[in-house]
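Asker: Take this structure first; my questions come after.
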Amino acid sequence: MLSFLTCWLGLTLGALIYLGYGFLYKLDVAFQAGKAMIFLVLLAIGRVTYALVLYPKYFTPFKYLPTPPRRWLLTGNQTSLFREFPWDVARRWSETIPNNGLIRYYVALSNERLLVTSPKGLSKVLVHGAYNYTKTNLARFAIQRFTGNGLGFLDGEEHRMQKKGLLPAFATGHIKRLIPKFWAKAALMVSLIERSLENDSSKDQRQRSDSPVVPLHYWGTRATLDIIGVVGMGYDFDTLTHPHNELSEQYRKMFLEPSNAFNWLELLGNYIDFRILLTLPVRKNRELTQGSQYIRQVAERVIHHKIQKQQRQSEESPPDDDIVAIALASGTFTEQQLVDHVMTFLVAGHESTATAFEWAMYELGRRPAMQSRLREEIRTHISSMQVEGRGTTTAAGTHLATTIESLPYLNAVCSEVLRFYPFVPFATRVASRDNTIQGTFVPKGTVVAFAAHATNHDAALWGLDADRFDPERATSNFASLAFSAGPKSCIGQEWTRAELVCLVGATVGRFEIALLNPMDNHLKRGKTIKLRNGVRARVKVVDGCQWGFAQETIPVPLSRIINLNPSGSS
């Protein structure tokens, strides 16, 4: 079905042609203009009547599916724009509207969509029929300007081949070997937080009666960006020790909270080619373009340098174990394809783990008993000696990785965080060919939606206490959509789990965390579940274990190898 806005623009063009015809043949312009306006208004009324009354009642192929009770032209089945989060709306509909796995609903300007609510339907969309559904044009154009043709936008045989080439780098065994590097950056973050606490306590030569306030997301964001550099590319971005370097500042521009104007542009992107909207002189557009161009130039230089390094290496030299090096060694990818994959890691792999770390601190900061239990487990099994200088030996590194993987409560807490706060709580796909979902025919071009947030809080899957944060609940990878599912699920899920476990373990093992305002749970407008004001907590050092970090596990800063000035040469 053509959108209302598309029809309106077509009718306007038709009216202008009609007026031009009147001018050309010297007809009564005022009379012709009046007729054109009447014609335009009547057709608009007819189009609105068709969209709101006739199509949903008589012509939609989904008229037998349940639908929310009220619908408005501007907002669809929602009562307002931008006020409610789509995952909350989807969950409410799933729980209150009787359905057999599919709900028909309408978004702004009566654009029809299907909401998939059952595990069987989700399995068809995400697993068995994964290649029948692709990203919407809005998502494709909005994200591809950052990532290029990364893995998330490939389909069919091309997706299978490139994923196969990347799998060795993300295999569980390889990620386990990288855990000492994850831990080294986590330990460095903890030591820098501790240093900032000491500086704050001595400021103005006064003693504080309470613990200093620490913006934990600020630290988590820097640590995860550094980890991507070290583990993903073999170079240290060095943003923990130099938080305002050019790379960090340009990267930050890509994740600023969208303005109201940008939210409206995004809404219009459902009806107008989003590439046109991306050229509008809106501040957010300029910042996104500037930041992404800079990061891509850095990625190109990194890949080029890695290729040159591999060509110079002798056969006796130990191979690098970062993601890019392993992908290069596979011989599967062109230089441009590797740049696109690196951009995908940078965009998707950084903010997702930083947000999960922040939510872990939020939940543990609200639950002192849970936090104490976790700290005791960490300190009992991980000693300072395991993560100091000797931790770089293969045996010590393997022991550290095995120990971290075997901590049941630490891993359970992190799994519960990922269930409770899925990074992509709501997503849409478009059918690339005719198919069926649970016996319902779904024509090509139909937009289907699913809410990981709803599935991950479904009482039928997780029990009546699904809304309670409880690390001791039985976990089920099938029931959780923390990383989506099927052949197009997140390839980096083992990376994210290992990284999150190290960040949470190092932080809670050293600090006692108390939220500054435990009742502040207002969410930020966006595509992910994030706190509007971030997690601000009072942090107190707990005497006992003091993490060292193996400096030799961290490569030299990228700035010493590659010129990070975008106008310079590599």
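In the UniProt record's numbering, the protein residues as written are 1 to 570. Heads up, the beta-carbon is just placed ideally off N, CA and C, and yes, glycines get one too.
CB Arg429 to CB Thr134, shorter than 8 Å?
Answerer: On the sequence shown, position 429 is the one that residue 429 refers to. On the sequence shown, position 134 is the one that residue 134 refers to. The answer is yes: Cβ separation under 8 Å.
Asker: So Ala431 is in the beta strand (DSSP E); what residue range does that whole segment cover?
Answerer: On the sequence shown, position 431 is the one that residue 431 refers to. Where Ala431 is concerned, the enclosing beta strand (DSSP E) stretches over 427-431.
Asker: Taking the alpha-carbon positions, what's the Asn435 to Gln293 distance?
Answerer: Taking the first residue of the sequence shown as 1, we reach residue 435 at position 435. Taking the first residue of the sequence shown as 1, we reach residue 293 at position 293. Whole-angstrom Cα-Cα distance: 39 Å.
Asker: Determine the DSSP secondary structure at Glu84, reduced to helix, strand or coil.
Answerer: Indexing the sequence shown from 1 puts residue 84 at position 84. It is coil, neither helix nor strand.
Asker: Given that a residue counts as buried once 16 or more other Cβ atoms are within 10 Å of its Cβ, and exposed if not, what is Ile323?
Answerer: Within the sequence shown, residue 323 is the residue found at index 323, counting from 1. With 16 or more other Cβ atoms within 10 Å, it is buried.
Asker: Should Pro319 and Ala325 be called a contact, given that it needs their Cβ atoms to be closer than 8 Å?
Answerer: Along the sequence shown, one-based indexing puts residue 319 at 319. Along the sequence shown, one-based indexing puts residue 325 at 325. Yes, they are a contact pair.
Asker: For the stretch 109-123 against the stretch 463-475, are there 3 or more C-beta pairs whose distance is under 8 Å?
Answerer: With the cut-off at 8 Å, the stretch 109-123 and the stretch 463-475 do not touch.
Asker: Between Gln371 and Ile513, is the Cβ-Cβ spacing less than 8 Å?
Answerer: The residue given as residue 371 occupies position 371 in the sequence shown. The residue given as residue 513 occupies position 513 in the sequence shown. Contact: yes.
Asker: In whole angstroms, what is the alpha-carbon distance linking Gly439 and Leu73?
Answerer: Translated into positions along the sequence shown, residue 439 becomes position 439. Translated into positions along the sequence shown, residue 73 becomes position 73. When rounded, the distance between both Cα atoms is 30 Å.
Asker: Please identify the residue among Cys502, Ile179, Tyr106 whose C-alpha is closest to the C-alpha of Val231.
Answerer: Taking the sequence shown and counting its residues from 1, the one referred to as residue 231 is at position 231. Residue Ile179 is the option with its Cα nearest to Val231.
Asker: Near Leu52, what residues of its chain come up, given a Cβ to Cβ distance below 8 Å and the 5 sequence neighbours on each side ignored?
Answerer: Mapped onto the sequence shown, residue 52 falls at position 52. Closer than 8 Å at Cβ, skipping near neighbours: Arg71, Leu73, Ser110.
Asker: By a C-beta neighbour count over all protein chains shown, 10 Å radius and 16 as the cutoff for buried, is Ile45 buried or exposed?
Answerer: Counting from 1 along the sequence shown, the entry for residue 45 is found at position 45. When all chains shown are included, Ile45 counts as exposed.
Asker: With a threshold of 16 other CB atoms inside 10 Å of the CB of Gly165, please say whether the residue is buried or exposed.
Answerer: Taking the first residue of the sequence shown as position 1, residue 165 is located at position 165. It counts as buried.
Asker: Determine the burial state of Leu42: buried for a count of at least 16 other Cβ atoms within 10 Å of its Cβ, exposed for fewer.
Answerer: What you label residue 42 is simply residue 42 of the sequence shown in a count that begins at 1. Per the 10 Å Cβ criterion, exposed.
Asker: Taking the C-alpha atoms as reference points, what is the distance between Ala348 and Arg538?
Answerer: Counted from its first residue, the sequence shown places residue 348 at position 348. Counted from its first residue, the sequence shown places residue 538 at position 538. If I take the Cα positions, the gap works out to 29 Å.
Asker: Apply the 10 Å Cβ neighbour rule to Met37 and answer buried if 16 or more other Cβ atoms are within range, or exposed otherwise.
Answerer: The residue you call residue 37 lines up with position 37 of the sequence shown. Exposed, by the Cβ-count rule.
Asker: How about Val535 and Met254: are their beta carbons less than 8 Å apart?
Answerer: One-based indexing of the sequence shown puts residue 535 at position 535. One-based indexing of the sequence shown puts residue 254 at position 254. Not in contact: Val535 and Met254 (Cβ atoms no closer than 8 Å).
Asker: To the nearest angstrom, how far is it from the Cα of Gly331 to the Cα of Arg195?
Answerer: As a first step, residue 331 is located in the sequence shown; it is residue number 331 there, counting from the start. As a first step, residue 195 is located in the sequence shown; it is residue number 195 there, counting from the start. For Gly331 and Arg195, the distance between alpha carbons rounds to 44 Å.
Asker: Quick check on Pro215: does DSSP put it in helix, strand or coil?
Answerer: Taking the sequence shown and counting its residues from 1, one reaches residue 215 at position 215. In the structure shown, Pro215 sits in a strand (DSSP, three-state: E or B).
Asker: Quickly, what does DSSP pair Gly76 with across the bridge? List them, please.
Answerer: Counting from one through the sequence shown, the residue named residue 76 turns up at place 76. Answer is Trp72, bridged to Gly76.
Asker: Under three-state DSSP, which class holds Gly391?
Answerer: For this step, residue 391 is matched to residue 391 along the sequence shown. Note that Gly391 scores 41 on pLDDT, short of 50, meaning its location in the model is unreliable; the coordinates nonetheless yield the value given after this. Three-state DSSP puts Gly391 in a helix.
Asker: Evaluate Ser406 with the Cβ neighbour count: other Cβ atoms within 10 Å of its Cβ, from every protein chain shown; 16 or more gives buried, anything less gives exposed.
Answerer: Position 406 of the sequence shown holds residue 406. The residue in question, Ser406, is exposed, as its Cβ has fewer than 16 Cβ neighbours within 10 Å.
Asker: According to DSSP, residue 573 sits in a beta bridge with which residue or residues?
Answerer: The shown model of the chain, from 1 to 570, leaves out residue 573, and the question about it has no answer.
Asker: Tell me whether Ile513 sits in a helix, a strand or coil according to DSSP, three-state version.
Answerer: Indexing the sequence shown from 1 puts residue 513 at position 513. Three-state result, Ile513: strand.
Asker: Please classify Asn456: is it buried, with 16 or more other beta-carbons within 10 angstroms of its beta-carbon, or exposed?
Answerer: Taking the first residue of the sequence shown as position 1, residue 456 is located at position 456. Classification for Asn456: buried.
Asker: Can you tell me the Cα-Cα spacing of Thr112 and Gly76, whole angstroms?
Answerer: Looking up residue 112 in the sequence shown gives position 112. Looking up residue 76 in the sequence shown gives position 76. Sequence check: residue 112 is Glu here, not Thr. Looking at the two C-alpha atoms, the distance is approximately 9 Å.
Asker: So what does DSSP say about Asn199, is it helix, strand or coil?
Answerer: Position 199 of the sequence shown, counted from the first residue, corresponds to residue 199. Of the three classes helix, strand and coil, the one that applies to Asn199 here is helix, per DSSP.
Asker: Inspect the beta-carbon positions of Ser329 and Leu500 and report whether they are closer than 8 Å.
Answerer: On the sequence shown, residue 329 is found 329 positions in, with the first residue counted as 1. On the sequence shown, residue 500 is found 500 positions in, with the first residue counted as 1. The residue asked about is misnamed: residue 329 is Ala in this sequence, not Ser. No. Outside cutoff.
Asker: Apart from the five residues just before and just after Tyr421, which ones in its own chain have a Cβ nearer than 6 Å to its Cβ?
Answerer: Translated into the one-based positions of the sequence shown, residue 421 becomes position 421. Counting only Cβ-Cβ distances below 6 Å, and skipping sequence neighbours, we find Trp359, Ile529.
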